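Going by the UniProt record's numbering, the residue at position 196 of the sequence shown is 196; the numbering climbs one at a time, nothing skipped. Glycine included, C-beta positions come from ideal geometry on N, C-alpha and C. As the structure is a computational prediction, the values presented were derived from the model and not from experiment. Below you'll find the structure, written out as structure tokens, and then a few comments.
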Amino acid sequence: MSTDPPTDHPLVHVLDDDQAVREALEFLIQTIGLHVKTYSTPIAFFAEFDPDPVGCLILDIRMPIMSGLQVQAELKHRGIDLPIIFMTGHGDVELCRRAFLNGAAEFLLKPIDEQQLIDALQKAVRHHIQTREKLASTQQARELLDKLSPREKEVLEGMLEGLSSKQVAKDLGLSPRTVETHRAHIMEKLEVSSLAQLIRLYFNALHP
């Protein structure tokens, strides 16, 4: 089992109760330059799991005591966004359907085709990175908007509606010069230089 990489390096988790499967997957994943950590039981996985690194989970759908679907449900309950690639035997169509309905990234039939697994891994990791980048952008946008005063937020609403400074001034009972001052402060606090950038930032804050 490898040591944990820095949190900015993708980490592939492998959860399977079959040691031979774990070792084979660990070797394969390392050959494509990804870090990997293996677990023999769901208990070990949840005890050691670090949600910070980007990556994905390769998960056996049928395990004793706690199934792969139950592991998926627990991750979802904890609000963990880790993409899951299920490994399954023939005849598990209904289980796979349920896995997909709950957000699984992919499922692969055993014995696992190496190229299919590599393709699925790369796709899942890319998706996780994009998801994290979107969340970071949303958080940053919300933090910037929180810097605005109540009056600046009122002026911002008028700007987003496409109103001129005179129209905003009239609606808020302010002078056009005061509105212009507020607009300048808004652009400075939000770290944008154009209305298009402002709209994009506001959209990012509302749509994580």
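Would you identify the three-state DSSP class for residue i, choosing helix, strand or coil?
i, result
"H185", "helix"
"G55", "strand"
"D113", "coil"
"D50", "coil"
"A124", "helix"
Which residues in the same chain have their Cβ closer than 7 Å to the Cβ of residue i, if we skip the five residues on either side of it in sequence?
i, result
"P6", "Summary for P6: the model assigns pLDDT 44, below 50, so the residue's position carries little reliability, and this model does not support an answer."
"Q197", "none"
"R97", "none"
"R132", "V54"
"D171", "G158"
Look at the Cβ atom of residue i, then the Cβ atom of residue j, and state whether they are nearer than 9 Å.
i, j, result
"D18", "D60", "yes"
"P121", "L34", "It is Leu, not Pro, that sits at residue 121 in the sequence shown. Cβ distance < 9 Å, so L121 and L34 count as in contact."
"H77", "F49", "no"
"K147", "K110", "no"
"A104", "Q72", "yes"
"E152", "I186", "yes"
Could you tell me the boundaries of the beta strand (DSSP E) in which residue i lies?
i, result
"L15", "11-15"
"T41", "It is not in any beta strand (DSSP E) - T41 carries neither H nor E in the DSSP assignment."
Could you pull the start and end residues of the alpha helix (DSSP H) that residue i belongs to?
i, result
"I29", "19-31"
Going by beta carbon distance, what residues of the same chain come within less than 6 Å of residue i, once the five residues before and after it are set aside?
i, result
"M63", "D17"
"L57", "H13, L82, I84"
"R22", "V14, D16, T38"
Ordered along the chain, which non-local residues of its own chain (more than five positions away) have a Cβ less than 8 Å from that of residue i?
i, result
"S193", "M187"
"S137", "N204"
Ranges of the beta strand (DSSP E) found wholly within the UniProt domain "HTH luxR-type" (141-206), counting only runs of at least 3: none
Beta strand (DSSP E) segments (min. 3 residues) lying fully within the stretch 76-110: 84-88, 106-109
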